[in-house]
Amino acid sequence: MFNTKTYLIGSMLLLSGCAIAPDSIVKQPMTAKPQAIASTAAKSGAIFNNAAYRPMFEDRRPRYVGDIVTINIAENTSATKAGGSSGSKDGKVDASITKLFGHNVPPAELAASSATSYEDKAAANSSNAFNGSLTATVIEVLPNGYLVVSGEKQVSFDKGTEFVRFSGVVNPDTITTGNFVTSTKVADARIEYRTSTKIDAAEIASMFARFFLSMGAL
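Using this note's numbering, read the sequence shown as starting at 645 and increasing by one per residue.
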């Protein structure tokens, strides 16, 4: 005999075993290692030492693959959309009868009227705020000197892990002291926040649960 409760429990177990993870919008490596530099023999001197040489007047802004830059995420966007339409239509018919097949009949009057109207309204509002910081790695240097950066930060707490991912193209001129750049000045930015908790799975599973419960109530 078919048991609705058993079927429902089995379906929920099957759903809970499936990995319901949203697709990532960041489609490139999260980091890149700098290119290896050929080793040279150290030469001791009174002032210059080839093994520990650092340019005195060179700024420390990232310019090579493997350098890092800190992204200050400051995203705050909002959008509002509204629309509406309406219409109406009226009709009226009057008729009278005094003769029928050539014979006089008592006067009769007929009247009919109709009215139709509709009104449609729609509105949509959306907003988001994302603030934080993430240090990304230069994974590619474009021919014009711009830097393709990408990075990921993972924060684990109790049984869940939060993932913050970022990628985009940075103009070196927008990098401030300390190697900081604001996310609003990054081109082709991809900012993503995900969590390994079962929020997404719970939302989808709840839809299936309502469906199966409605079927069981029949």
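Where is the CB? At the ideal position from N, CA and C, for every residue including glycine.
For residue i, the three-state DSSP class (helix, strand or coil)
i	result
Lys797	strand
Asp832	strand
Thr821	coil
Ser668	coil
Ser827	helix
Thr675	coil
Gly875	Beyond the ends of the chain as shown, which are 645 and 862, falls residue 875; an answer cannot be given.
Ser840	coil
Asn772	strand
Selected residue, minimal CA-CA separation from residue i, among the options
i	options	result
Thr742	Gly731, Leu754, Lys733, Asp734	Leu754
Asp817	Glu796, Leu791, Ile669	Leu791
Ser827	Glu719, Asp764, Ser770	Glu719
Asp738	Phe801, Val830, Ser758, Glu784	Ser758
Val813	Arg834, Ala767, Gln798, Ser668	Arg834
Glu796	Arg707, Ile717, Gly731	Ile717
Asn775	Glu836, Gln672, Ser668	Glu836
Asp764	Gly735, Glu784, Thr820, Gly728	Gly728
Lys725	Asn769, Lys829, Ala831	Asn769
Ala676	Ser771, Glu784, Gly735, Thr760	Glu784
Thr760	Ala766, Ser771, Ser732	Ser732
CB contact flag (residue i, residue j, <8 angstroms)
i	j	result
Val709	Gln679	yes
Ala752	Ser740	yes
Val808	Leu786	no
Met674	Ser800	no
Thr781	Glu806	no
Ser811	Tyr762	no
Asn823	Arg705	yes
Ile669	Val825	no
Thr721	Asn772	yes
The beta strand (DSSP E) enclosing residue i, as first and last residue numbers
i	result
Gly812	804 to 814
Interface flag, residue i vs chain B, CB-CB below 8 angstroms
i	result
Ile835	Looking for chain B here will not work: only one protein chain is present.
For this session: Tell me the start and end of each unbroken beta strand (DSSP E) in the region 709 to 765 that is at least 3 residues and wholly inside, in chain order.
Result: 712 to 744
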